[in-house]
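Numbering (the working numbering), first residue to last: 13 to 135. The beta-carbon is built from N, C-alpha and C at its ideal position, and this holds for glycine as well.
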Amino acid sequence: MEIFDPEKPYDLDKRIKAFVLEIFEFVEALPNNSAGRNVRNQLVRCTSSVGANYRAARRGRSNKEYIAKLGVCEEEADESCYWLELCIDAKWNTEKRAEPLLKEANEITAIIVYLIKKAKGRL
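Here it is, written out as structure tokens:
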């Protein structure tokens with residue numbers, strides 16, 4: 013599974029959306045018990061929030077609003093890392109799918125942190 017193709021032009025919006033769609037597929041393989049359902053719900057919520065808030069940030073009315081929305085993206089992307097790490101630790105890593113998702117979540121988090129720092133430099 014390759015979430016992001018480095019040969020294609022960079023588009024963070026598309027990259028985040030592809031990540032969210034991969035998460036939608038991944039969570040279907042999680043256990044159907046109370047812990048599995050909780051992780052499934054949390055993971056879907058936080059990853060989809062990254063996409064929604066990034067979209068909102070791009071439409072921000074000011075640099076401060078842009079930074080604030082990106083801050084929410086950073087928190088939610090980092091939370092995605094946490095839930096994916098739990099899946100790996102709980103041995104819910106069906107077909108080794110969690111590692112590339114965790115790598116992508118970490119990369120998206122790092123990109124968002126960079127964008128925040130860059131925007132703060134404009135203030």
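{"Query": "Once DSSP output is grouped into helix, strand and coil, what is the label at Trp104?", "Result": "coil"}
{"Query": "In whole angstroms, give me the CA-to-CA distance for Lys76 and Arg67.", "Result": "15 Å"}
{"Query": "Can you tell me whether DSSP reads Gly48 as helix, strand or coil?", "Result": "helix"}
{"Query": "Of the choices Asn53, Arg70 and Leu42, whose alpha-carbon is the least far from that of Ile124?", "Result": "Arg70"}
{"Query": "Given a threshold of 16 other Cβ atoms within 10 Å of its Cβ, counted over all protein chains shown, does Tyr126 qualify as buried or as exposed?", "Result": "exposed"}
{"Query": "Run through the stretch 68-132 for me and flag every whole beta strand (DSSP E) of 3 or more residues, listed as ranges in chain order.", "Result": "none"}
{"Query": "Would you call Asn65 buried or exposed, if buried means 16 or more other Cβ atoms sit within 10 Å of its Cβ?", "Result": "buried"}
{"Query": "From which residue to which residue does the alpha helix (DSSP H) around Glu40 run?", "Result": "Where Glu40 is concerned, there is no enclosing alpha helix (DSSP H), given that its DSSP letter is neither H nor E."}
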